[in-house]
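Chemist:
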Amino acid sequence: MNHLDEIVRRLDALEAVESIKKLKARYFRFVDEKKHDELAALFTPDAHLVTDGITWKSPQEFAYTIRDLTGAAPSVHHGHMPEIEITGPDTASGIWAMEDLLTFPVGPNAPEGHNGYGQYRETYKKVDGEWLIDSVLLTRFRMDPLENWAPDA
C-alpha cells in the first residue's frame, strides 16, 4: 500500500467513526424526543437487541415498547467515551459508557424510575452508504431509584 492509499484508508476510517458517533447521538436524542419511528429506523431490519436481559424481536418492538412504557414522561440518555473499531469496509463495533435518567408516569403498575449507569456493546453495519446499528447489548451496572413523573405535579 502506498502512502496515498494509507492516507485514504485512515481518512475513511475517521469518517466512519464520526458517522457512527452521530448515529448513536441520534439514538439517544430520538429516545428523549419521543421519536420512536425515527429510533427504529436507526437499526438494520434484523438487528439483535438485548437490553437488561430482555431480547427484542425487532427494532420496532423495542422502540414502540419505549413509547408505550414512557409516554410523554421525561427521560435523559447520555453516551460517553466511545471506543469504536472499524472491523471491515462495512462493519464496526463499539463500546459506550452510558447514563440514563428515566421516570415513568405515576400509576398503579408503573415501573420505578431510575438513574442508571452502564455500558452499550454494539455492532454497526453500513447499508446503502449509511451506518446503522446491527446489534445492541445494554448492561446496567448500577440503578439508583427516582420518583416517577406526575404530569400535574
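For the sequence shown, the positions run 149 to 301 when the numbering used here is used. From the three backbone atoms N, C-alpha and C, an ideal C-beta is built for every residue, glycine too.
List the whole-angstrom C-beta distance separating HIS228 from TRP244, where the pair is believed to meet the contact cut-off of C-beta under 8 Å.
Modeler: The pair is a contact, with the Cβ atoms about 7 Å apart (cut-off 8 Å).
Chemist: So the candidates are VAL275, HIS151, ILE234, GLY264; which of them puts its Cα closest to the Cα of HIS226?
Modeler: Of VAL275, HIS151, ILE234, GLY264, the residue nearest in Cα terms is GLY264.
Chemist: Excluding the five sequence neighbours on either side, which residues of its own chain have a C-beta within less than 6 Å of the C-beta of LEU249, listed in chain order?
Modeler: Within the same chain, LEU249 has close Cβ partners VAL224, ASN263.
Chemist: Look at the alpha carbon of VAL179 and the alpha carbon of LEU162, and state the distance between them as a whole number of angstroms.
Modeler: Distance between the alpha carbons of VAL179 and LEU162: 26 Å.
Chemist: State the start and end residues of the unbroken beta strand (DSSP E) segment that holds LEU250.
Modeler: From DSSP, the beta strand (DSSP E) with LEU250 extends over 239–250.
Chemist: Classify MET149: buried if its beta carbon has 16 or more other beta carbons within 10 angstroms, exposed otherwise.
Modeler: The residue is exposed, with fewer than 16 neighbouring Cβ atoms inside 10 Å.
Chemist: What residues in its chain sit with their C-beta under 6 Å from that of LEU164, if we drop five residues either side in the sequence?
Modeler: In the sequence as presented, Leu is not what sits at residue 164; that position holds Ala. Around ALA164: ILE234.
Chemist: Assuming contact is defined by CB atoms lying nearer than 8 Å, are ASN296 and PRO237 in contact in what I supplied?
Modeler: Not in contact: ASN296 and PRO237 (Cβ atoms no closer than 8 Å).
Chemist: Pull up the DSSP beta-bridge partners for LEU197, would you.
Modeler: DSSP lists TRP204, VAL284 as partners of LEU197.
Chemist: So, using beta-carbon positions, are ALA211 and LYS182 closer together than 8 Å?
Modeler: No; because the gap between Cβ atoms is not below 8 Å, this pair is not in contact.
Chemist: Tell me the residue span of the beta strand (DSSP E) that contains LYS273.
Modeler: 261–275 is the extent of the beta strand (DSSP E) around LYS273.
Chemist: Between the Cα of ARG269 and those of HIS196, ARG158, THR213, spot the shortest distance and give me the residue it belongs to.
Modeler: Among HIS196, ARG158, THR213, the Cα nearest to that of ARG269 is on HIS196.
Chemist: Rounded to whole angstroms, what's the CA-CA distance from PRO207 to ILE232? Just pull it up for me.
Modeler: Cα to Cα, the separation comes out at about 22 Å.
Chemist: Going by beta carbon distance, what residues of the same chain come within less than 8 Å of LEU280, once the five residues before and after it are set aside?
Modeler: Counting only Cβ-Cβ distances below 8 Å, and skipping sequence neighbours, we find LEU171, LEU190, PHE191, THR192, ALA195, TYR272, LYS273, LYS274.
Chemist: Please classify LEU152: does DSSP put it in a helix, a strand, or coil?
Modeler: Three-state result, LEU152: helix.
Chemist: In the DSSP output, what is HIS228 paired with across the bridge?
Modeler: Paired residues: ALA245.
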